[in-house]
Amino acid sequence: SEHLSDEEMGHLEEQFNAMDLDGSGAIDVGELKLLVKTLTGDVLSDGRARGLMHEVDMDRSGQMDYDEFVLAMI
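Under UniProt numbering, the first residue of the sequence shown carries the number 1, and numbering increases by one thereafter.
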């Protein structure tokens with residue numbers, strides 16, 4: 001498994017907090033769409049965003065928590 005430095009983890013935490021627009025501690029589908037648009041410039045359909053969320057949402061909460069975000073980003 002890949003190990004991240006404290007600096008890299010801090011950067012991921014900053015990214016996560018920036019994308020968690022409502023401060024809920026999780027990224028929802030709407031926030032995920034914004035994240036993808038910010039990172040890649042691509043605009044996801046609602047269906048594609050839900051599919052992507054399903055791929056990273058390990059606990060099936062319907063949202064991506066910080067741990068799921070880190071796993072998705074490495």
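Using N, Cα and C, we set each Cβ at its ideal position, and we do this for glycine too.
Since the structure is predicted, the reported quantities are computational estimates derived from the model, not experimental observations.
query                                                                                       : result
Touch test, the region 18-37 against the region 64-74, Cβ-Cβ under 8 Å, three pairs minimum : yes
Inter-residue Cα distance where the pair is GLN15 and SER45                                 : 22 Å
Local conformation of ASP46 per DSSP, three classes                                         : helix
Element boundaries [alpha helix (DSSP H), containing LEU34]                                 : 29-40
CA nearest to the CA of residue 94, picked from SER5, GLU55, MET9, ALA18                    : Missing from the structure shown is residue 94; the chain here goes from 1 to 74 and no further.
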